[in-house]
Amino acid sequence: MPNISKNIQSAKGLRSGTATISKGKARTDEILRTAKHILVHEGYEKFTLRNIAAKVGIRLGNLQYYYKTKADLLREILQYANEISDLGYGEMFSKVSDNPEDCFRAIVNYLLDDLKQPEVRGLFLQSWALATHDDYAEHCMEETSTHYRDVLAVVIAELTPGLSKRELNDRATLIQSMIEGSRFSLSLKRERLVQRPGLDDLIKDRVYHIATRPGSKKSKVK
Amino acid sequence: MNSAPRRSAKSREPVEVILRAAHELLAFEGYPSFTIRNIAKQAGISVGNVQYYFQSKNALLQELLLFVTERYNREYRRVFSKTADTPKDRFCAFIDFLLSDMTDPLRRGFFFQVWALAPSDNFVEECMEQSFSRYRAAVSELISELRPSLSRAELDKRASAIQSLVEGTQLSLTKKAERFVHRSGIRELVKEEAYAIATTQTK
Chain A
1181 MPNISKNIQS AKGLRSGTAT ISKGKARTDE ILRTAKHILV HEGYEKFTLR NIAAKVGIRL
1241 GNLQYYYKTK ADLLREILQY ANEISDLGYG EMFSKVSDNP EDCFRAIVNY LLDDLKQPEV
1301 RGLFLQSWAL ATHDDYAEHC MEETSTHYRD VLAVVIAELT PGLSKRELND RATLIQSMIE
1361 GSRFSLSLKR ERLVQRPGLD DLIKDRVYHI ATRPGSKKSK VK
Chain B
70 MNSAPRRSAK SREPVEVILR AAHELLAFEG YPSFTIRNIA KQAGISVGNV QYYFQSKNAL
130 LQELLLFVTE RYNREYRRVF SKTADTPKDR FCAFIDFLLS DMTDPLRRGF FFQVWALAPS
190 DNFVEECMEQ SFSRYRAAVS ELISELRPSL SRAELDKRAS AIQSLVEGTQ LSLTKKAERF
250 VHRSGIRELV KEEAYAIATT QTK
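Here the protein sequences line up with chains A and B, keeping their order. Numbers 1181 to 1402, taken from the working numbering, label the letters of the first sequence in order. Numbers 70 to 272, taken from the working numbering, label the letters of the second sequence in order.
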């Protein structure tokens, strides 16, 4: 038991420990919040330094003192968004018991709910679009994605002991794919994103099954 | 969805040249570079000539979306024309097609650029929703061949889960020499899991 709890704690730490929004940066925080809002709600076309400065209520020159180019600002937003999502993740974890099953279910529920927030969806789509032609963004997204699998792998290892590292990673990849891929079947109804009927429940069933089924056929005698 | 004005066969060629150029530009350089000027340059024709066929950037984008989604629609139907295979073969062939298709950099670039436009552009959002729903309908049909007794609602739910699983693997592809690849073994696992979702007993 003490071991289980230690591993889960460290899985929690993988996320909650990385939040480092520093204090005393009110101005840059405001710029980032506004810029993110424009990007997510009005799209990349409206995402110009001029528009952002106007919305924050500062001069263009003043904005450029903090962020010389649009690309600088975008990178900063990606990082900022990761920190915010770390905070959400950390908060969710702090409420969950250390029981592996509770923990796994809580993560899955959290992820399926989180991706329905219009803000989260907007940022996700913008980031991946950016990643297709910007190496830095690509690196950021790959890191976030790997990290996500690592956390899942730790929790799966507690749920189903004895799996190889390879198998843990495979299962984490399947689970991540199913959850994240469900973003593409959301539809907008009265300003809210809704999932197709019954899909979330089916996904919850399947990912739990993937996480808990016995080890691969290869390790068993046929 | 509104349909494009009919054009004579004679004028189709420049339109296709422009659309192909626009397709590559959007996929590889992103929406910020998607301007009439850049598209004309990429296509090797004059700005005036592009404007003769497409009055605005937005008109061009809409036409491009229809052009690409229509091509996918044909691809989906092509899978069904292979009647000789067993239902399981057909199902697996379709999943294979999807998994291979997403490793193409042109497809990947285009996919993510277009999705990023969806929240702020109703036409794009609707187009993507329609394209995804045709894709789901294709998967539903393949599942119903495997499990003829399932209700429409159950078919749709399973098709949605399979679509999520397959599309979600785009997020863990890695780049190798200008191609995108799935981590080794993942494709087989995805196929197995998709087949399990399709054929599992209802509770």
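Each residue gets a CB set at the ideal place from its N, CA and C atoms; glycine is no exception.
Host alpha helix (DSSP H) of residue i (start-end)
i, result
"residue 1332 of chain A", "1315–1339"
"residue 179 of chain B", "174–186"
"residue 1304 of chain A", "1298–1311"
"residue 245 of chain B", "It is not in any alpha helix (DSSP H) - residue 245 of chain B instead sits in the beta strand (DSSP E) that spans 243–245."
"residue 1208 of chain A", "1206–1222"
"residue 256 of chain B", "255–268"
"residue 197 of chain B", "191–215"
"residue 221 of chain B", "221–237"
"residue 271 of chain B", "No alpha helix (DSSP H) holds residue 271 of chain B; DSSP gives it neither H nor E."
Contact set between residue i and chain B, taken where Cβ atoms lie within less than 7 angstroms
i, result
"residue 1370 of chain A", "Within 7 angstroms Cβ-Cβ: nothing; residue 1370 of chain A doesn't reach chain B, min ~14 angstroms."
"residue 1208 of chain A", "Going along chain B, no residue has its Cβ under 7 angstroms from residue 1208 of chain A, so there is no contact; the nearest lies around 23 angstroms."
"residue 1240 of chain A", "Those do not exist, as residue 1240 of chain A stays about 19 angstroms from chain B at its closest Cβ, beyond 7 angstroms."
CB contact check: residue i to chain A, cutoff 8 angstroms
i, result
"residue 270 of chain B", "no"
"residue 97 of chain B", "yes"
"residue 208 of chain B", "no"
"residue 258 of chain B", "yes"
"residue 203 of chain B", "no"
"residue 85 of chain B", "no"
"residue 138 of chain B", "no"
"residue 226 of chain B", "yes"
"residue 104 of chain B", "no"
"residue 194 of chain B", "yes"
"residue 131 of chain B", "no"
"residue 70 of chain B", "Low per-residue confidence applies at residue 70 of chain B: pLDDT is 43, beneath 50, and the placement is therefore not dependable enough to give any value."
"residue 266 of chain B", "yes"
"residue 182 of chain B", "yes"
"residue 240 of chain B", "yes"
"residue 229 of chain B", "yes"
"residue 128 of chain B", "no"
"residue 262 of chain B", "yes"
Extent of the continuous beta strand (DSSP E) run through residue i
i, result
"residue 1374 of chain A", "1372–1374"
"residue 1367 of chain A", "1367–1369"
"residue 250 of chain B", "248–250"
Chain-ordered chain B contacts of residue i [CB-CB under 9 angstroms]
i, result
"residue 1224 of chain A", "99, 100, 101, 185, 186 and 189"
"residue 1394 of chain A", "Those do not exist, as residue 1394 of chain A stays about 14 angstroms from chain B at its closest Cβ, beyond 9 angstroms."
Spatially closest choice to residue i from the options, by CA coordinates
i, options, result
"residue 157 of chain B", "B/260, B/271 and B/115", "B/260"
"residue 1134 of chain A", "A/1321, A/1250 and A/1313", "Outside the modelled stretch of chain A, which goes from 1181 to 1402, sits residue 1134 of chain A, for which no answer is possible."
"residue 1393 of chain A", "A/1375, A/1359 and A/1343", "A/1343"
"residue 268 of chain B", "B/239, B/209 and B/241", "B/209"
"residue 236 of chain B", "A/1272, A/1348, A/1356 and A/1278", "A/1356"
"residue 1307 of chain A", "A/1226, A/1373, A/1219 and A/1236", "A/1219"
"residue 149 of chain B", "B/113, B/206, B/131 and B/252", "B/206"
"residue 142 of chain B", "B/185, B/225, B/245 and B/203", "B/203"
"residue 144 of chain B", "B/154, B/164 and B/128", "B/164"
"residue 251 of chain B", "B/99, B/200, B/221 and B/168", "B/168"
"residue 91 of chain B", "B/173, B/264, B/182 and B/172", "B/182"
"residue 159 of chain B", "B/225, B/245 and B/211", "B/211"
"residue 1325 of chain A", "A/1339, A/1352 and A/1347", "A/1352"
"residue 265 of chain B", "A/1376, A/1382 and A/1378", "A/1382"
CB contact check: residue i to chain B, cutoff 8 angstroms
i, result
"residue 1344 of chain A", "no"
"residue 1360 of chain A", "yes"
"residue 1383 of chain A", "yes"
"residue 1214 of chain A", "no"
"residue 1228 of chain A", "no"
"residue 1195 of chain A", "The predicted model places residue 1195 of chain A with a pLDDT of 45, which falls under 50 and marks its position as unreliable, so this point remains unresolved."
"residue 1386 of chain A", "yes"
"residue 1319 of chain A", "no"
9 angstroms Cβ cut-off: residues of chain A touching residue i
i, result
"residue 214 of chain B", "In chain order: nothing, as chain A lies at least about 20 angstroms away."
"residue 252 of chain B", "1349, 1350 and 1353"
Chain-ordered neighbours of residue i on chain A, where CB pairs are closer than 8 angstroms
i, result
"residue 232 of chain B", "1361, 1364 and 1365"
"residue 113 of chain B", "Here the premise fails: no neighbours, minimum Cβ distance about 22 angstroms."
"residue 222 of chain B", "1377 and 1378"
"residue 235 of chain B", "1357 and 1361"
"residue 108 of chain B", "Under the 8 angstroms cutoff, chain A gives no residues; its nearest Cβ is about 16 angstroms from residue 108 of chain B."
Neighbouring residues, chain A, relative to residue i (Cβ below 7 angstroms)
i, result
"residue 198 of chain B", "1367"
8 angstroms Cβ cutoff, residue i in contact with chain C
i, result
"residue 144 of chain B", "Absent from the structure: chain C. Protein chains present are A and B."
Near the ligand SAH: residue i beta-carbon under 7 angstroms from a heavy atom
i, result
"residue 232 of chain B", "As presented, the structure is devoid of all ligands, the ligand SAH included, so that no description of it is given."
Short-range partners of chain B found in the segment 1285–1313 of chain A, where Cβ spacing is below 8 angstroms:
1298, 1301, 1302, 1305, 1306, 1308, 1309, 1310, 1311, 1312 and 1313
Taking Cβ-Cβ distances below 9 angstroms as the criterion, which residues of the segment 1246–1276 of chain A are in contact with chain B?
1250
Chain-ordered residues of the segment 1322–1350 of chain A with a beta carbon less than 7 angstroms from chain B:
1325 and 1350
Can you give me, in chain order, the residues of the segment 152–181 of chain B that have a beta carbon less than 7 angstroms from any beta carbon in chain A?
177, 178 and 181
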